[in-house]
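There are 2 protein chains.
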Amino acid sequence: MANTDKRPPDLKEACVREALVIIADEGVEKLSLREVSRRLGVSHQAPYKHFESRDHILAEVIARAYEDFARHLEARPAVADPFDDLEAMGRAYMDYALGHPLQYRLMFGTPLPDPGRHPAMMEKAQYAFDLLRDRIATMALRPVNAGPADPTGDALFVWSCLHGLAGILQVKKLSGPAGDGPRPEAAPIMRHVMGRLGLALRPVT
Amino acid sequence: MANTDKRPPDLKEACVREALVIIADEGVEKLSLREVSRRLGVSHQAPYKHFESRDHILAEVIARAYEDFARHLEARPAVADPFDDLEAMGRAYMDYALGHPLQYRLMFGTPLPDPGRHPAMMEKAQYAFDLLRDRIATMALRPVNAGPADPTGDALFVWSCLHGLAGILQVKKLSGPAGDGPRPEAAPIMRHVMGRLGLALRPVT
DNA sequence: TGGTTTGGTTGACGCTGTCAACTGGCTCCT
DNA sequence: AGGAGCCAGTTGACAGCGTCAACCAAACCA
Chain C
40 MANTDKRPPD LKEACVREAL VIIADEGVEK LSLREVSRRL GVSHQAPYKH
90 FESRDHILAE VIARAYEDFA RHLEARPAVA DPFDDLEAMG RAYMDYALGH
140 PLQYRLMFGT PLPDPGRHPA MMEKAQYAFD LLRDRIATMA LRPVNAGPAD
190 PTGDALFVWS CLHGLAGILQ VKKLSGPAGD GPRPEAAPIM RHVMGRLGLA
240 LRPVT
Chain D
40 MANTDKRPPD LKEACVREAL VIIADEGVEK LSLREVSRRL GVSHQAPYKH
90 FESRDHILAE VIARAYEDFA RHLEARPAVA DPFDDLEAMG RAYMDYALGH
140 PLQYRLMFGT PLPDPGRHPA MMEKAQYAFD LLRDRIATMA LRPVNAGPAD
190 PTGDALFVWS CLHGLAGILQ VKKLSGPAGD GPRPEAAPIM RHVMGRLGLA
240 LRPVT
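Chains C and D, in that order, give the protein sequences. So the first sequence is numbered by the numbering used here: it starts at 40 and just counts up by one. So the second sequence is numbered by the numbering used here: it starts at 40 and just counts up by one.
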């Protein structure tokens, strides 16, 4: 009677899932292995058999967010023109950021728990970034500074703009009344920044 | 004999300063009011007379970083041409980010402790952002999307690019050998991103 | 069969933030 | 002058946290 929950057969899986629930419920700073154990009806040390430390379970949650994010980017609607495809990628990025604010904040708004110690997590992050860089690497962009092409620099450039845009749109969304769906004023800002991106990248016709 | 330190006359000041030292020494996650008290040779509750909670002292440290940062932006070399001035601002931004990585990470890489609860801190942050927005607001930029001018959107655009650039340059700097000064490969990346920014903003001549 | 591995348990330690009660000194009215 | 009251600091307690250590039972395999 002490515990009506059925103990999940795969505790590791259950821990990761429950960790995300806790973060959603109470914020990332309230994530603790003890809370995970408690909710799973298991002793406070059980999770230690599967995760070295509190940071390791957080790293696992974040790694899955990166995977999910990368899948979302890859699932963008297919179009032929590279610039249109890049724009579709941008929209997929914004779509994910606004549709999964929790995961988004975990990936980009949380001080990553010592990246050097969590190579698996960083691999997933790199994979997502490479999706963008590889897309850009094959494009004929407007030259800049008469220098050599720099796909990594350009990917960084695009990524940063999207990140900043996502940040402000999230704030605007949160500050408005608690309605679902993107706030009405989001679209113009998005068009504006995407437009500037186009000006910077598209070759002059 | 218990404590050879002379107790500082202004404990609040001393706390803020010591907090920054702790963050520099051991990382922001190790900042605790008790550690501050200990280092100052004062009881573990003394800081509570000046700060409501651990987050409040962190907010104060961050607020000062924003002040320092804004001062740095304002102290950029004066030039007449608006675009050159904007570029100088960008350089001042990067200069601060690379020269004060600790403060920079505090401002932009730390989950701000519930901004709503620390309005003083947010004011300083807003002031720094407004420096950029006001600079941009008076400029004749290349029009985008045939829409109305949007200085806030453009400021966000510029800010984001600089932020992304700062992020990657910090990483590159850290991954190299422990030399002081910017790494040699920083300059090209910086020129590249700044160049893209120019392409996006400068009216076609 | 018996030893090892795996995954769980309980218990303890020291750290943290924070609440509560106390104290000594300073200021400020009357 | 003298008491009221505040201010800045004190000690002491409490619960929650991560983590180490020891223990234990079932599964697995030689």
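Here a beta-carbon is modelled for each residue, glycine too, at the ideal position from N, C-alpha and C.
For chain C, check one thing: does any of its Cβ atoms lie closer than 8 Å to the Cβ of residue i?
{"i": "histidine 202 (chain D)", "result": "yes"}
{"i": "arginine 172 (chain D)", "result": "no"}
{"i": "serine 199 (chain D)", "result": "yes"}
{"i": "alanine 109 (chain D)", "result": "no"}
Closer than 8 Å, CB to CB, is residue i near chain D or not?
{"i": "isoleucine 175 (chain C)", "result": "no"}
{"i": "alanine 239 (chain C)", "result": "yes"}
{"i": "isoleucine 62 (chain C)", "result": "no"}
{"i": "serine 71 (chain C)", "result": "no"}
{"i": "isoleucine 207 (chain C)", "result": "yes"}
{"i": "proline 121 (chain C)", "result": "no"}
{"i": "leucine 50 (chain C)", "result": "no"}
Note down, in chain order, every chain D residue with its Cβ under 9 Å from the Cβ of residue i.
{"i": "isoleucine 228 (chain C)", "result": "Asp189, Thr191, Gly192, Leu195"}
{"i": "threonine 149 (chain C)", "result": "Pro150"}
{"i": "serine 92 (chain C)", "result": "Neighbours of serine 92 (chain C) on chain D: none; closest Cβ ~13 Å, over 9 Å."}
Which residue marks the beginning of the alpha helix (DSSP H) containing residue i, and which one marks its end?
{"i": "glutamate 74 (chain D)", "result": "72-79"}
{"i": "proline 140 (chain C)", "result": "140-147"}
{"i": "glutamine 165 (chain D)", "result": "158-176"}
{"i": "tyrosine 87 (chain D)", "result": "Unbroken run through tyrosine 87 (chain D): none, as it is neither H nor E."}
{"i": "glutamate 68 (chain C)", "result": "From DSSP, glutamate 68 (chain C) is part of no alpha helix (DSSP H); its letter is neither H nor E."}
{"i": "alanine 225 (chain D)", "result": "225-240"}
{"i": "arginine 103 (chain C)", "result": "93-113"}
Check the Cβ of residue i against every Cβ in chain C and list those closer than 8 Å, keeping chain order.
{"i": "glycine 234 (chain D)", "result": "Val183, Asn184, Gly186"}
For a contact defined as C-beta to C-beta under 8 Å, what are the partners of residue i on chain D?
{"i": "isoleucine 96 (chain C)", "result": "Going along chain D, no residue has its Cβ under 8 Å from isoleucine 96 (chain C), so there is no contact; the nearest lies around 16 Å."}
List, in chain order, every chain C residue whose beta-carbon is nearer than 7 Å to that of residue i.
{"i": "histidine 231 (chain D)", "result": "Val183, Asn184, Gly186, Asp189, Gly192"}
Tell me, to the nearest whole angstrom, how far the beta carbon of residue i is from that of residue j; I am working on the premise that it is less than 8 Å.
{"i": "leucine 72 (chain D)", "j": "isoleucine 61 (chain D)", "result": "With a Cβ gap of about 10 Å, leucine 72 (chain D) and isoleucine 61 (chain D) do not count as contacting."}
{"i": "alanine 194 (chain C)", "j": "isoleucine 175 (chain C)", "result": "5 Å"}
{"i": "tyrosine 87 (chain D)", "j": "phenylalanine 108 (chain D)", "result": "With 8 Å as the limit, tyrosine 87 (chain D) and phenylalanine 108 (chain D) do not qualify as a contact, their Cβ atoms being about 28 Å apart."}
{"i": "alanine 239 (chain C)", "j": "arginine 235 (chain D)", "result": "5 Å"}
{"i": "leucine 201 (chain C)", "j": "methionine 146 (chain C)", "result": "That belief does not hold up - the Cβ atoms of leucine 201 (chain C) and methionine 146 (chain C) are roughly 13 Å apart, past 8 Å."}
{"i": "glutamine 142 (chain D)", "j": "alanine 104 (chain D)", "result": "4 Å"}
{"i": "proline 150 (chain D)", "j": "glutamine 209 (chain D)", "result": "Going by Cβ atoms, the distance from proline 150 (chain D) to glutamine 209 (chain D) rounds to 18 Å, so no, they are not a contact pair."}
{"i": "valine 81 (chain C)", "j": "leucine 50 (chain C)", "result": "7 Å"}
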